[in-house]
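Residue numbers for the sequence shown follow my numbering, so the first one is 721 and each next one is one higher.
Accompanying notes for the structure given below.
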Amino acid sequence: MKSNYFPLFLLTFTLFIGCKTSQTSTQTYKKNTTNQEVKTPIREYSVLATLWQQHAAEYRALTYQAYNIAKIQLESILANSSNTTKPLAIVTDIDETLLNNSAFNGKLIELNEDYTDSRWIEWGKEEKAGIVPGALEFFNYAKSKNIEIFYITNRLEIQKNETLSNLKKLNFPYADEQHLLLKQDTSGKETRRIQVQKTHNIIMLIGDNLSDFSPLFDKKPTKKRNELVDILKNAFGTKYIVLPNPMYGDWETKGILEGKYNWTDFQKDSIRKSKIKSY
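Below is the structure:
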């Protein structure tokens, strides 16, 4: 009689190998999935925002709209202003308000890097920031009406020379040390605004970040920022002129990320997604 042990052994061995292979494949899949999560580009979240600022005609339309409104308001202020012993002034932010730095954000995406001061300083030395549409015409119009321009920016003190050079290359008015107030001990701008108020009557503030207008917005979470905007709604388009900036700002760092800077990239991604509203 022919033995049936060998076929039975072969079948058992085959099933064992199949199970082992399946288990190994599952482990490999899990390992690859983990690796893919780790390797997800840390700047992926900012790609669409950067593309929008660099390519969307709607972005240009909004910046033109902002500066058109600013001009209309300036004309109204000048027509109705009473005599003042102080010269008139406009206080403006620089980055994403009159200089377009989207190429810097593009470099971070290209290199898969988060923001660092060293990379920001490197970009500043290039002196290649472009003009936010509508800005140059407006500020030169203001100068023609004898309005002084003060640039209050959170660029670093060591960036003074290249910042002034970039502004001068693009023919922005009042591009001198007297009218450039850089970041000192704090990113809050109220101390510098008060400094300007001592000698000038500030009639308008322009910026892309709510803290460019009032200390009320400094270090506030999302809910409070929105409440304050509702309270001050009549100031926007009159004394406060806001420029669009989807790439960065307090809306993200103080709002979405809750003012904390020690989140891991994975945590930041999870937090951003958790704040999305759906149905």
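No residue lacks a Cβ here, since even glycine has one placed at the ideal position from N, Cα and C.
Owing to the predicted nature of the structure, the values given are computational and were not obtained by experimental measurement.
Host beta strand (DSSP E) of residue i (start-end)
i	result
N921	N921 to G927
L977	Where L977 is concerned, there is no enclosing beta strand (DSSP E), given that its DSSP letter is neither H nor E.
I961	Y960 to V962
Nearest residue (CA-CA) to residue i, options the options
i	options	result
A849	R875, D834, L819 and K865	L819
Y835	R992, K993, S998 and D985	D985
I878	K865, I829 and L900	L900
D928	T906, V811, S802 and D905	V811
L808	K865, D896 and A790	K865
L828	N860, T958 and M967	M967
N881	I841, N965, N954 and I991	I841
E778	P964, Y894, F937 and F859	P964
R839	E857, T804, L876 and F859	L876
G975	A855, F859 and E947	E947
S907	N874, N954, F937 and A862	N874
E910	L936, Q793 and D896	L936
A862	L798, L771, R780 and E816	L798
R913	L794, D813, A769 and A781	D813
D925	L768, K791, S885 and L782	At residue 925 the sequence reads Leu, which differs from the Asp that was named. Here the closest residue by C-alpha is K791.
Q793	A895, I991 and Y960	Y960
G854	N886, S801, T770 and E816	E816
Alpha helix (DSSP H) segment containing residue i, residue limits
i	result
Y787	A777 to N800
Y861	A855 to S864
A823	S822 to L831
F986	D985 to S994
T906	From DSSP, T906 is part of no alpha helix (DSSP H); its letter is neither H nor E.
L948	T942 to I951
S766	S766 -> no alpha helix (DSSP H), and no H or E assigned at all.
L884	K880 to K889
T911	E910 to Q917
E846	D837 to E846
Identity of the residues DSSP links to residue i by a beta bridge
i	result
T812	Y871 and I926
I851	L819
F956	Y960
L901	I872
heavy atom of the ligand HEM below 6 Å from residue i C-beta
i	result
D938	Here there are no bound small molecules, and the ligand HEM is not part of this structure.
Item to complete: Kindly confirm or deny that the region 762-771 and the region 828-846 touch, where touching means at least three C-beta pairs closer than 8 Å.
Response: yes
Discussion item. Within 8 Å, do at least three Cβ pairs link the region 911-931 to the region 866-881?
Written reply: yes
Worksheet item: Should the region 900-910 be called in touch with the region 770-787, which here means at least 3 C-beta pairs below 8 Å?
Response: Touching, no, given that fewer than three Cβ pairs across the two stretches are closer than 8 Å.
Practice prompt. Decide if the region 927-945 is in contact with the region 888-898; the criterion is three or more beta carbon pairs, one per stretch, under 8 Å apart.
Written response: no
Discussion item. For the pair the region 970-990 and the region 938-948, tell me if three or more CB-CB distances fall below 8 Å.
Written reply: yes
Worksheet item: Does the region 838-846 come within contact of the region 813-827, defined as at least 3 CB pairs closer than 8 Å?
Response: yes
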